[in-house]
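Structure, as structure tokens:
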Amino acid sequence: MSSKLQSVKGMNDLLPTQSPYWQFVEQVLREIASAYAYDEIRTPILEKTALFVQSIGEQTDIVEKEMFAFEDAGGEFLCMRPENTASVVRAGVQHGLFHNTQARLWYMGPMFRRERPQKGRYRQFSQFGMEAVGWSGAEADVEVMLAGARIWKALGVKDVHLYLNSLGSDGCRTRYRTALVDFLKQHVDALDADSSRRLESNPLRILDSKNPDTQRILEDAPVITDYLDAEESAHFAQVRHLLDDARVAYTIDSSLVRGLDYYTSTVFEWKTAKLGAQNTICAGGRYDDLVERRGGQSTPACGFAMGIERLVELLIEEQNALRIKALDVWFISLDTEANQAAFRLAEKLRDTGLTVAMNHGVGKLKSQLKKADASGAQFALILGSTELEQGVVQVKPLRGQFESQNVAFDAVLELIHSR
Ligand code: ATP
Ligand code: MG
């Protein structure tokens with residue numbers, strides 16, 4: 000007996016019961032991206048490993064342990080994309096999309112990270128992202144945040160809250176890093192293992208630690224916003240001002256640092272209280288140095304990435320009723336000859352925009368009607384040899400009030416459309 004192969008760990012099949020939620024979310028995301036005048040970009044799933052190592056940073060979780068990276072048969076080092084901002088910047092530079100001009104881009108698609116699978120955390124997952132490239136002002140930061148707020152509203156998900164911080168420029172971060180390391184060195188014995196390892200390699204990530212003892216130490220740590228220079232402070236103040244003006248509530252969170260090295264200045268996360276530990280559904284910020292680091296002109300940029308699985312889980316959690324379009328017609332034919340006529344008539348119905356499911360082959364009327372009812376269709380059409388002889392089809396309303404009636408082939412369309 001052959002063994003049944005299963006899917007790869009952490010990589011999920013999306014079944015027909017779930018896909019209506021995905022289609023709904025994807026449609027809302029596309030509509031809102033275009034409401035803000037963002038254009039879609041699609042980049043390959045495989046990229047050179049160096050792109051992510053150099054963009055995201057060597058001392059990050061993603062590059063240290065989460066990438067599906069391999070050497071291909073030709074000796075090239077390739078990687079399944081763990082995120083899409085680096086690829087979008089690579090593509091933009093490669094095709095001159097940012098050259099002396101600005102670009103508003105969005106993307107949607109699968110990303111790959113080899114992390115420990117759990118609810119809200121998978122090895123293949125989908126992100127939607129928006130990137131505003133070429134604007135240095137706070138309007139761009141706030142524009143992508145407002146798009147987020149509009150998305151929650153359109154999806155009908157409540158209690159999603161915005162958290163904000165500013166990481167300043169390189170100079171600011173260097174000064175802050177020194178102060179933070181000086182402070183943490185006084186408490187080095189009480190730090191968790193990961194955090195003391197990061198003290199040298201990536202001290203800002205310690206702020207992210209989930210360890211309660213480390214968190215307690217951090218309560219008295221210096222905060223990065225005290226190290227912003229005048230220009231960075233003004234930018235951050237303008238971000239807050241524009242959010243206030245748009246009536247979007249937010250909380251300043253001085254421990255918000257984001258896991259990726261390319262972030263500068265504003266960083267933000269949208270969180271929900273409803274998904275347990277995996278509660279961040281959208282995260283982003285400025286990455287003013289990345290375009291230049293990828294070989295382009297010096298170009299300011301900002302954006303976000305949103306986890307679609309977590310968004311769908313939230314929709315299901317809140318039991319948002321989906322307006323799924325039901326079938327119009329379930330077509331039942333009772334013998335082979337009728338089957339052929341039904342096949343032709345169904346095509347005519349579809350020509351006029353109706354959705355029609357056929358029972359292929361012939362079946363018992365009673366069991367067919369059960370299936371028709373369960374399908375949610377508005378009408379069952381029934382065609383047997385008697386009807387065929389008379390050139391009529393039986394129209395049986397499955398939801399409506401009126402009685403079943405026999406209708407001439409040519410009149411079926413009119414009847415269904417009129418109901
Ligand atoms: P986390 O702290 O949850 O690991 P992250 O900082 O790694 O998130 P980003 O790389 O900024 O997350 O990705 C943005 C969003 O993508 C996250 O907020 C989340 O919604 C989603 N996301 C990230 N990793 C996963 C994953 N493995 N499975 C499902 N969704 C994910
Ligand atoms: Mg992560």
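Just so you know, numbering that gives the first Met the number 0 puts 13 at position 14 of the sequence shown, and the rest follows in order with no gaps.
For every residue, glycine included, the Cβ atom is placed at its ideal position computed from N, Cα and C.
**OP:** Over the uninterrupted alpha helix (DSSP H) stretch that includes glutamine 237, give me the two end residues.
**Re:** 229-244
**OP:** Figure out for me which residue from Thr59, Val355, Leu382, Glu30 has the closest Cα to the Cα of glutamine 339.
**Re:** Leu382
Original post:
Is aspartate 60 near the ligand MG, going by C-beta to nearest heavy atom under 8 Å?
Top reply: yes
Original post:
Comparing alpha-carbon positions, which option in Val143, Leu50, Thr42 lies nearest serine 33?
Top reply: Val143
Original post:
Is methionine 305 near the ligand ATP, judged by its Cβ being under 8 Å from some heavy atom?
Top reply: yes
Subject >> lysine 8 versus serine 366 - alpha carbon distance >> reply: 39 Å
Subject >> Simplified DSSP state of valine 88, which is helix, strand or coil >> reply: helix
Original post:
Which runs of the alpha helix (DSSP H) spanning at least 4 residues fall entirely within the segment 73-158, listed in chain order?
Top reply: 84-93, 137-154
Subject >> CA nearest to the CA of leucine 368, picked from Phe342, Pro396, Gln389 >> reply: Pro396
Original post:
Can you tell me whether DSSP reads isoleucine 44 as helix, strand or coil?
Top reply: coil
Original post:
Relative to the alpha-carbon of leucine 289, which residue among Thr16, Arg89, Asp409, Thr250 has its alpha-carbon at the smallest distance?
Top reply: Arg89
Subject >> Meets three-Cβ-pair contact criterion under 8 Å: the segment 117-125 and the segment 249-263 >> reply: no
Original post:
Quick one: Cα of arginine 390 to Cα of methionine 79, how far?
Top reply: Arginine is not the amino acid found at residue 390; the sequence shown has glycine there. Computed Cα separation, rounded: 59 Å.
Original post:
Should leucine 348 and aspartate 327 be called a contact, given that it needs their Cβ atoms to be closer than 9 Å?
Top reply: yes
Subject >> Per-residue burial, proline 81 [other beta carbons within 10 Å of its own, 16 or more giving buried] >> reply: buried
Original post:
From which residue to which residue does the alpha helix (DSSP H) around glutamine 214 run?
Top reply: 211-217
Subject >> Burial state of valine 392, where buried means 16 or more other Cβ atoms lie within 10 Å >> reply: buried
Original post:
Say the cut is 8 Å; is the CB of glutamine 277 nearer than that to a heavy atom of the ligand ATP?
Top reply: yes
Original post:
Which word fits glutamate 231, buried or exposed, when buried means at least 16 other C-beta atoms lie within 10 angstroms of its C-beta?
Top reply: buried
Subject >> Reference glutamate 227, options Thr250, Thr213, Arg174, closest by Cα >> reply: Residue identity differs from the one stated: residue 227 is leucine in this sequence, not glutamate. The candidate whose alpha carbon is nearest that of leucine 227 is Arg174.
Original post:
Going by the beta-carbon positions, is the gap between glutamine 58 and arginine 197 smaller than 9 Å?
Top reply: yes
**OP:** Return yes when the Cβ of arginine 239 is within less than 9 Å of the Cβ of leucine 163, no when it is not.
**Re:** yes
Original post:
Over what stretch of residues does the beta strand (DSSP E) that includes lysine 270 continue unbroken?
Top reply: 263-271
Subject >> DSSP-derived helix/strand/coil call for glutamate 70 >> reply: strand
**OP:** For the segment 17-37 and the segment 301-317, state whether three or more C-beta atom pairs, one from each stretch, are separated by less than 8 Å.
**Re:** yes
Original post:
Identify the residues that DSSP records as bridge partners of threonine 422: which are they?
Top reply: With the chain represented from 0 up to 418, any question about residue 422 goes unanswered, as that position is not in the structure.
**OP:** Could you pull out every residue in the same chain whose Cβ sits closer than 7 Å to the Cβ of methionine 305, ignoring the five residues on either side in sequence?
**Re:** Gln126, Phe127, Gly128, Ile280, Cys281
Original post:
Is the closest heavy atom of the ligand ATP to the C-beta of isoleucine 280 under 8 Å?
Top reply: yes
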